[in-house]
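Structure, as structure tokens:
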């Protein structure tokens with residue numbers, strides 16, 4: 129923090145390898161104990177990250193890219209096709225320059241922004257996303273039934289990994305996750 133200018137930013141990134149991404153999350157949690165440091169992206173909360181609670185978990189984004197010819201040639205030679213780039217990254221600032229930046233077993237009244245931390249999972253008649261955020265940084269499993277698709281929740285059905293979703297309304301407790309009601313509003317923001 130002493131080497132960052134008052135308006136500077138620090139981007140820490142790695143290629144979403146499990147071990148190094150988990151270490152990056154540990155660094156994230158450690159830096160958030162410093163009152164002079166602000167995390168700007170990708171997290172929607174400042175609680176300890178739940179993305180490393182399970183031994184095989186880690187948090188990362190993915191981007192579709194157009195491969196350069198030389199990468200396409202390597203892919204052909206090794207029998208691979210790298211259509212997406214995975215990454216784990218954190219963006220920090222000094223607190224002064226950052227500006228203003230419960231899965232408890234009952235329903236959640238959500239009026240907050242969540243980060244999509246999974247690829248969409250399509251199951252019989254429903255779409256499932258893992259979301260991270262909320263007031264305590266919880267990681268939840270959220271579903272929406274296709275028969276409940278409406279203008280209000282259409283963005284939930286369009287969301288991809290690392291998108292931001294603002295959810296307003298009730299998330300009904302269902303099994304080990306939550307379900308959007310037909311009246312729940314989901315607003316997508318790509319980041």
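In the numbering used here, the protein residues as written are 129 to 319.
For every residue, glycine included, the Cβ atom is placed at its ideal position computed from N, Cα and C.
Please report the residue range of the alpha helix (DSSP H) in which residue i lies.
{"i": "residue 148", "result": "146 to 159"}
{"i": "residue 198", "result": "197 to 206"}
{"i": "residue 282", "result": "282 to 286"}
Residue i and residue j: beta carbons closer than 8 Å?
{"i": "residue 292", "j": "residue 218", "result": "no"}
{"i": "residue 244", "j": "residue 212", "result": "no"}
{"i": "residue 199", "j": "residue 150", "result": "no"}
{"i": "residue 196", "j": "residue 290", "result": "no"}
{"i": "residue 267", "j": "residue 258", "result": "yes"}
{"i": "residue 269", "j": "residue 304", "result": "yes"}
{"i": "residue 220", "j": "residue 308", "result": "no"}
Could you say which of the options lies nearest to residue i if we only look at CA atoms?
{"i": "residue 282", "options": "290, 273, 289", "result": "273"}
{"i": "residue 316", "options": "297, 309, 304, 287", "result": "287"}
{"i": "residue 318", "options": "189, 311, 302, 209", "result": "189"}
{"i": "residue 157", "options": "148, 185, 203, 177", "result": "177"}
{"i": "residue 311", "options": "203, 297, 302", "result": "297"}
{"i": "residue 160", "options": "146, 147, 141, 175", "result": "175"}
{"i": "residue 183", "options": "147, 201, 210", "result": "147"}
{"i": "residue 185", "options": "140, 201, 145", "result": "145"}
{"i": "residue 224", "options": "162, 155, 262, 205", "result": "162"}
Quick one: what's got a C-beta closer than 8 Å to residue i's C-beta in the same chain, skipping five residues either side?
{"i": "residue 222", "result": "129, 132, 134, 136, 164, 165, 166"}
{"i": "residue 275", "result": "253"}
Take residue i and list the residues in its own chain whose beta-carbon comes closer than 7 Å to its own, dropping the five residues that flank it on each side.
{"i": "residue 232", "result": "In this prediction, residue 232 has a pLDDT of 36, which is less than 50 and means its spatial position is unreliable; nothing more can be read from the coordinates."}
{"i": "residue 285", "result": "255, 272, 277"}
{"i": "residue 206", "result": "none"}
Here's a check: name, in chain order, each residue in its chain whose Cβ is nearer than 6 Å to the Cβ of residue i, leaving out the five neighbours to either side.
{"i": "residue 238", "result": "The predicted model places residue 238 with a pLDDT of 49, which falls under 50 and marks its position as unreliable; any figure quoted below should be read in that light. Around residue 238: 295, 299."}
{"i": "residue 249", "result": "256"}
{"i": "residue 314", "result": "281, 283, 284, 293, 295"}
{"i": "residue 209", "result": "203"}
{"i": "residue 140", "result": "218"}
{"i": "residue 214", "result": "144, 188, 190"}
Just checking residue i against the ligand MN - is the residue's beta carbon closer than 7 Å to any of the ligand's heavy atoms?
{"i": "residue 257", "result": "With respect to the ligand MN, the structure offers nothing, as it holds no ligand at all."}
Contact check, residue i vs residue j under 8 Å by CB: the rounded distance?
{"i": "residue 187", "j": "residue 216", "result": "7 Å"}
{"i": "residue 172", "j": "residue 241", "result": "5 Å"}
{"i": "residue 142", "j": "residue 152", "result": "6 Å"}
Could one say the Cβ of residue i lies closer than 8 Å to chain B's Cβ atoms, at least one of them?
{"i": "residue 138", "result": "The displayed structure is made up of one protein chain only, and chain B is not part of it."}
At which residues does the beta strand (DSSP E) containing residue i begin and terminate?
{"i": "residue 169", "result": "165 to 169"}
{"i": "residue 184", "result": "Run containing residue 184: none; DSSP gives neither H nor E here."}
{"i": "residue 215", "result": "212 to 222"}
{"i": "residue 303", "result": "From DSSP, residue 303 is part of no beta strand (DSSP E); its letter is neither H nor E."}
{"i": "residue 270", "result": "266 to 273"}
{"i": "residue 192", "result": "189 to 192"}
{"i": "residue 261", "result": "254 to 261"}
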